[in-house]
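The sequence shown runs 1 to 177 under full-length UniProt numbering.
No residue lacks a Cβ here, since even glycine has one placed at the ideal position from N, Cα and C.
The structure displayed is predicted, hence computed values, not measured ones.
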Amino acid sequence: IRWMDGSPIDFVAWKLNQPNFSNNDEFCVEMTAPYGHWNDINCGVPHGFICERTNRSINTPLAPTIPAPEGGCPSDWLSFRQKCYRIYDPKDESLHWDDARSRCQSFGGNLVTINDDLVQSFLMSNLKNITDDVWIGLHDKNKENKFVWTDQSGVYYTNWVKGWPQPRSRLWSVSNL
Numbered sequence: 001i002r003w004m005d006g007s008p009i010d011f012v013a014w015k016l017n018q019p020n021f022s023n024n025d026e027f028c029v030e031m032t033a034p035y036g037h038w039n040d041i042n043c044g045v046p047h048g049f050i051c052e053r054t055n056r057s058i059n060t061p062l063a064p065t066i067p068a069p070e071g072g073c074p075s076d077w078l079s080f081r082q083k084c085y086r087i088y089d090p091k092d093e094s095l096h097w098d099d100a101r102s103r104c105q106s107f108g109g110n111l112v113t114i115n116d117d118l119v120q121s122f123l124m125s126n127l128k129n130i131t132d133d134v135w136i137g138l139h140d141k142n143k144e145n146k147f148v149w150t151d152q153s154g155v156y157y158t159n160w161v162k163g164w165p166q167p168r169s170r171l172w173s174v175s176n177l
């Protein structure tokens, strides 16, 4: 099995029996709380979501007694590996996938791209107090079975359960964290 860019699927961790493309309408991906598995689901389901954006360092001189924000991230965002992340708890704000993406874009970012196990682990550690699933930026809305991230990067890291997706089956789709 290879991804659309030809790269092999080296790491997989989808939720068991996912993606399953149930009802032929599951084009978006959620990350399940608190374990971080990915699951394909209908994009119209309201969920919390995770935004990601590039750090924006403050270039204005500050008095030595005033600490600069860590990594250039706003105080309600988390800093990790030169990026800023904000997790929207579903009990505070639940949106459909497209609306969640628009919200992230309004901050100069997008729904999160998870390109390796370090980012996956970082997000999972910060989901420990979240009780419901959250949207991530993985989808196959443009072409069935061709997964892409919202930042248009290829899918080099995945969180599928071993043995999934099964090629040439109806069980290909996107998931959530």
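Range covered by the alpha helix (DSSP H) that runs through residue i
i: Leu123; result: 117-126
i: Ser102; result: 97-106
Cα-Cα separation, residue i to residue j
i: Gly109; j: Asn23; result: 31 angstroms
i: Leu16; j: Glu26; result: 16 angstroms
i: Tyr157; j: Glu52; result: 17 angstroms
i: His47; j: Lys141; result: 18 angstroms
i: Asp92; j: Ile130; result: 10 angstroms
i: Tyr88; j: Gly154; result: 25 angstroms
i: Arg81; j: Gln105; result: 20 angstroms
Closest Cα partner of residue i within the set the options
i: Pro34; options: Val45, Asn126, Trp149; result: Asn126
i: Met124; options: Ile50, Gln18, Cys43; result: Ile50
i: Cys43; options: Cys84, Pro19, Trp97; result: Trp97
i: Asn39; options: Arg101, Asp133, Gly154, Val155; result: Asp133
i: Met31; options: Gln82, Ser79, Leu138, Leu95; result: Leu138
i: Cys28; options: Ala100, Cys104, Lys128, Val119; result: Ala100
Helix, strand or coil at residue i [DSSP, three-state]
i: Cys43; result: coil
i: Gly36; result: coil
i: Ser153; result: coil
i: Gly109; result: coil
Endpoints, the beta strand (DSSP E) within which residue i is located
i: Thr54; result: 48-54
i: Cys28; result: 28-31
C-beta neighbour in chain D for residue i, strict 8 angstroms
i: Asp140; result: Note that chain D does not occur in the displayed structure, where there is just one protein chain.
Bridge partner(s) assigned by DSSP for residue i
i: Phe80; result: Lys83
i: Leu138; result: Trp149
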